[in-house]
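I have placed the structure first, in the form of structure tokens, so that the comments after it can refer back to it.
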Amino acid sequence: MIRIDGEPVRIASPKVARGLGIATVFQHFTLVEALDVAENVALGLDERASRRELVRRIREAGRAYGLPLDPDRPVHDLSMGERQRVEIVRCLLERPRLLIMDEPTSVLTQQEVERLFATLRRLAAEGCAILYISHKLAEISALCERATILRAGRVVATVDPRTTDARELAARMVGAEVRAVGSRASSTGGAVRLAVDGLSLPPDRPFGTALVDLRLELRAGEILGVAGIAGNGQDELFRILSGERPVPRAEAIRLDGRPIGTLGPSARRALGLVAVPEERLGHAAVGELPLPANTVLAARERLGLVRHGLVRWAEARAATGRIVRRLDVRTPALDAPASSLSGGNLQRFVIGRAILQDPQVLVAAQPTWGVDAGATAAIHAALRDLVASGAAVLLISQDLDELLALADRLAVLDRGRLSPARPTGELGLEEIGPMMGGLHEPVGRVSP
Amino acid sequence: MRLELEPRPSPSPLWRVLAPPSAVASTALAGLVLFSVLGVAPGRTLYAFFLAPLTSLWGVSELLVKAAPLALIALGLAPGFRAGVWNIGAEGQLTIGAVAGAGVLLALWPSDAPWVLPTALLAGILGGAAWAWIPAVLRIRRGASEILVSLMLAYVAQLLLSTLVYGPWRDPEGFNFPQTRLFQVGLPVLVEGTRLHPGVLLAPLLAILAWLLFRFTLLGLALSVSGRAPAAATHAGFDRPRIVRGCLLVAGALAGLAGILEATGPIGQLVPTLTPGYGFTAIIVAFLGRLHPLGILPAALVVALAYLGGETAQIEAGLPQAVTGLFQGLLLFFLLGSEVLVRYRIRWRRPAGAGVP
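From first to last, the protein sequence lines are chains A and B. Be aware that the first sequence starts at 1, since it is given in this note's numbering, and climbs by one per residue. Be aware that the second sequence starts at 1001, since it is given in this note's numbering, and climbs by one per residue.
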């Protein structure tokens, strides 16, 4: 039950929430780029106000809270920090009693972060409660008086971040019950199958992450885990490896010594690099299409499912049958549309489709995200079998339990930087946690 | 109690088939109401509209003559619409196709050598494709919406045609009428006493070809994936720019072909108004045929009937010409409406608060 000022309330819509004095600044802005600042502010207000009145109030709030804005400028002209200012001013005009900020610093520069913090402190001092959602521990330590740690939908702990050691916070955030790490014999003696050499790339999408001096070596017979919290470049890393985003320099990425940086996904699959995206529907598979068509989409090169531009549907059906048997996929029919499978079974299909191609290198992003325990076990077993046969697997995952169970070596991806990989057995939780929480550098307070 | 739309767990295959015929039936029903309100005998007018044209050889042949360009253009548009490439300017590509082909014929006039007509047809195809190439390049290089660019180019094409037939290409012996010379060569007539030309046979042939393409080739699969799930298409390794370019060029080529077939067949010269908007109406045909090549053929016949019926209704019931456009609009309206039933089902609901807590 949600209580406001001790009264139980039912929040049926954003409008009800606003009525209760709750205002939210979302991580992905909800502004109309073609409209100007005042018009965008007007859109979020429930009351009617004349433009002149609005302009006056926007200026006033801007002065009072150090959020200068020109009400007449179109939003598409504004920097990310300025856009966020519009969102905040829009909230402030509602005179909120509770301000919710969801990952507000993900698109801000360091200077903008400092300005934001100054504003938030002033608001808090005036009596507005602020709920600040973030996975950046340095920010939590610098800004917040109390912190509640959520993991996998559960409250893990509520602590005072000003007095709690950041490393302890990090360990609680990434979790992983105390367990014997490195109980598996690691095998890291094989030849280098996939190598990325000092690749830096700017983001190619809004809210994307730049990759900075990315280096990795993936060896035959090993599973290399890439840990880290989503939004730190996982998506970009996956796309440059799968070939969905080819890179300008062919030599930047090598498969068994051969430069493949400029090749697309189809050519890379043909050479033996198979990738499995995180998103099952719409990326790994197409929901409306029957399974055999989905087999053709991402396995045609190595299974010979297309000849002279013609799809060999009989072979595609046969291959689909082999996938279904290999990973024990429960499907209403061999020709069923992919969307009719449960999440776990579709993931079995997608992983099976990759394994059946007998890849030299498999890149898997969150392969057990949101699937049942049975499917998780089956997928883990399939990945282990694959490396046992001499292939190499790059496992990009947020699930530390999964990484510790599978990976021979671990690297952490944080803000587009990949740490050097270290044998999983040598790493303690107390080391991994802070790395994932963005604490490579010594924990410092963000100056106000 | 109130009506509510509830999403179906998966699209209904029954309604997928039933949607087009139910749209046609609803259109006829709406026509019935419309005619009653207008004060004309509804039954007789509906008969004049939908059935009278089919009672004579001339009527049936005219139906085919009008359905052929609609089907050709719609067959060209369907792959693009499947792939999410929205070419709205087929009318312009048709016009430029006719202009390009006519340019060849006028340049060679009065030659009637056997290679003149094929050259003109080829010029028509290339002209239409070239006009569609402009939105393709702007889309791929600059991210410009192909919807807007192709649509606006349709008006440019129309103005270009007007400029030519009112100016340099005007028939010197044509008493100042805004039209070109009658072409020295033209498409042969298949059946004496009608305007049936070989282009009419082309539509079913191309439909079968397109069906084979969709059913059996990787390209067909690439098209439907590219429209439905762009990220999956990228992962599969389908090249989006190539698909955009290919779809626009094919649509332009077929629209251009339809244009030059009209010019060298039923019309025989260039006039300021080449078609009653076939290029735009073909969009309705493509969707009425559910973007399926074999569905487009009957769809083209139904829509062609609306053109023909509009003419008969003008003569027999004294209705304005606008009634044709009105019927096409109604048809599209009901088509989009019945499309909802493929994805949703209608439920009666008690008002919120009553009933189940």
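Cβ coordinates follow ideal geometry from the N, Cα and C atoms, glycine included. All values derive from a computational prediction rather than experimental measurement.
Segment limits, alpha helix (DSSP H) that includes residue i
i       : result
A:M1    : Where A:M1 is concerned, there is no enclosing alpha helix (DSSP H), given that its DSSP letter is neither H nor E.
B:S1061 : 1057-1082
A:E452  : Since the first residue of chain A shown is 1 and the last is 448, residue 452 of chain A is not available in this structure.
A:P246  : Note, A:P246: premise wrong, no alpha helix (DSSP H); not H, not E.
B:V1250 : 1240-1262
A:V41   : 37-44
A:I457  : Since the first residue of chain A shown is 1 and the last is 448, residue 457 of chain A is not available in this structure.
A:L291  : 291-303
A:I11   : That residue, A:I11, is in no alpha helix (DSSP H); it is neither H nor E in DSSP.
B:I1208 : 1199-1216
A:T376  : 373-388
A:P349  : Rather than Pro, the amino acid found at residue 349 of chain A in this sequence is Phe. Here the alpha helix (DSSP H) through A:F349 covers 343-355.
A:L69   : Element bounds for A:L69: n/a, residue is neither H nor E.
A:T368  : From DSSP, A:T368 is part of no alpha helix (DSSP H); its letter is neither H nor E.
8 Å contact criterion, which residue i and residue j should meet: CB distance rounded
i       : j       : result
A:F207  : A:A365  : Their Cβ separation, rounded to whole angstroms, is 17 Å, which puts A:F207 and A:A365 out of contact at 8 Å.
B:G1281 : B:Q1328 : The question names Gly, but residue 1281 of chain B in the sequence shown is Thr. Sure, about 6 Å apart at Cβ, within 8 Å.
B:G1227 : B:R1016 : The Cβ separation is near 16 Å, so there is no contact.
B:H1235 : A:E244  : 6 Å
A:T119  : A:G66   : 6 Å
B:A1251 : B:A1068 : Incorrect: roughly 16 Å between the Cβ atoms, too far for contact.
A:I323  : A:L356  : 5 Å
A:L194  : A:L273  : 7 Å
A:A142  : A:I149  : In fact, because the Cβ distance is near 17 Å, the residues do not count as touching under 8 Å.
B:A1410 : B:L1248 : This structure cannot settle anything about residue 1410 of chain B, because the visible part of chain B is limited to 1001 through 1357.
A:E38   : A:D72   : It is worth fixing the name first, because residue 38 of chain A is Ala in this sequence and not Glu. 7 Å between Cβ atoms; contact.
A:D102  : A:V25   : 7 Å
B:A1132 : B:Q1093 : 5 Å
A:G190  : A:G221  : 4 Å
A:G287  : A:A338  : 5 Å
A:L395  : A:L403  : 7 Å
A:G320  : A:L310  : Position check: residue 320 of chain A holds Thr in this sequence, whereas Gly was assumed. Incorrect: roughly 18 Å between the Cβ atoms, too far for contact.
Unbroken beta strand (DSSP E) run spanning residue i, endpoints
i       : result
B:P1007 : 1002-1007
A:D213  : 211-219
A:V412  : 409-414
A:I396  : 392-396
B:S1022 : Premise fails: B:S1022 lies in the alpha helix (DSSP H), 1013-1038, not in any beta strand (DSSP E).
A:G225  : 223-227
A:S479  : There is simply no residue 479 of chain A to check, as chain A begins at 1 and stops at 448 in what is shown.
A:I253  : 253-255
A:V274  : 273-276
B:I1267 : Where B:I1267 is concerned, there is no enclosing beta strand (DSSP E), given that its DSSP letter is neither H nor E.
B:T1194 : Careful: B:T1194 lies outside any beta strand (DSSP E) and carries neither H nor E.
A:V361  : 361-365
A:A23   : 22-25
Give the list of continuous beta strand (DSSP E) stretches no shorter than 3 residues that lie fully inside the segment 1271-1356 of chain B.
Here the runs fully enclosed are 1344-1349.
Residues within the segment 1214-1243 of chain B neighbouring chain A, beta-carbon criterion of under 7 Å:
If you check each beta-carbon in the segment 1214-1243 of chain B against every beta-carbon of chain A, the ones closer than 7 Å belong to F1216, T1217, L1218, L1219, L1221, V1225, R1228, A1229, A1231, A1232, T1234, H1235, A1236, G1237.
Residues in the segment 349-366 of chain A having any Cβ partner in chain B nearer than 8 Å:
Answer in chain order: no residues at all.
Can you give me, in chain order, the residues of the segment 263-283 of chain A that have a beta carbon less than 9 Å from any beta carbon in chain B?
Answer in chain order: G264, P265, S266, A267, R268, R269, A275, P277, E279, L281, G282, H283.
Extract the residue ranges of the beta strand (DSSP E) inside the segment 1121-1180 of chain B, only unbroken runs of 3 or more that lie entirely within it.
Listed in chain order, nothing qualifies, since the segment 1121-1180 of chain B has no complete beta strand (DSSP E) run of 3 or more residues.
May I ask you to verify whether the segment 1322-1342 of chain B touches the segment 1089-1105 of chain B, counting CB pairs closer than 8 Å and requiring at least 3?
Contact check between the segment 1322-1342 of chain B and the segment 1089-1105 of chain B: fewer than three CB pairs, one atom from each, fall below 8 Å, which does not count as touching.
Taking any Cβ of chain B, which residues in the segment 307-323 of chain A have a Cβ under 7 Å from it, in chain order?
Result list: G309, L310, V311.
Length at least 4, wholly inside the segment 82-168 of chain A: the alpha helix (DSSP H) runs in chain order
Those alpha helix (DSSP H) runs which fall completely within the segment 82-168 of chain A and span 4+ residues are 110-125, 137-143.
Counting Cβ pairs, one atom from each stretch, are 3 or more of them under 8 Å apart for the segment 1290-1310 of chain B and the segment 1049-1066 of chain B?
Taking 8 Å as the limit for Cβ pairs, the verdict is that the segment 1049-1066 of chain B does touch the segment 1290-1310 of chain B.
Specify whether the segment 1287-1294 of chain B and the segment 1202-1221 of chain B touch according to this definition: at least 3 beta carbon pairs, one from each stretch, less than 8 Å apart.
Flag = yes, the segment 1287-1294 of chain B and the segment 1202-1221 of chain B touch.
Near-chain B residues of the segment 286-302 of chain A (beta-carbon distance less than 9 Å), N- to C-terminal order:
The residues in question are V286, G287, E288, L289, A293, N294, V296, L297, A298, R300, E301.
Flag this pair as touching only if the segment 1148-1167 of chain B and the segment 1178-1198 of chain B have three or more C-beta atom pairs under 8 Å; answer yes or no.
Segments in contact, yes.
Which of the residues in the segment 226-249 of chain A, read from start to end, lie with their CB under 9 Å from any CB of chain B?
Here the close residues are R239, S242, G243, E244, R245.
Taking contact to mean 3 or more Cβ pairs, one atom from each stretch, closer than 8 Å, check whether the segment 381-397 of chain A and the segment 251-261 of chain A are in contact.
The segment 381-397 of chain A, when compared against the segment 251-261 of chain A, does not touch it at the 8 Å Cβ threshold.
Count the CB pairs spanning the segment 406-426 of chain A and the segment 198-217 of chain A that are closer than 8 Å, and state whether there are at least three.
With a cut-off of 8 Å, the segment 198-217 of chain A and the segment 406-426 of chain A count as touching, because enough Cβ pairs lie within range.
Does the segment 1332-1344 of chain B come close enough to the segment 1024-1042 of chain B to have 3 or more Cβ pairs within less than 8 Å?
A contact exists between the segment 1332-1344 of chain B and the segment 1024-1042 of chain B.
Touching by the beta-carbon criterion (3+ pairs, under 8 Å), the segment 1215-1226 of chain B and the segment 300-309 of chain A
The segment 1215-1226 of chain B is in contact with the segment 300-309 of chain A.
Count the C-beta pairs between the segment 72-81 of chain A and the segment 93-102 of chain A that are closer than 8 Å, then say yes if the count reaches three, no if not.
When Cβ pairs closer than 8 Å are counted between the two stretches, the segment 72-81 of chain A is seen not to touch the segment 93-102 of chain A, the count staying below three.
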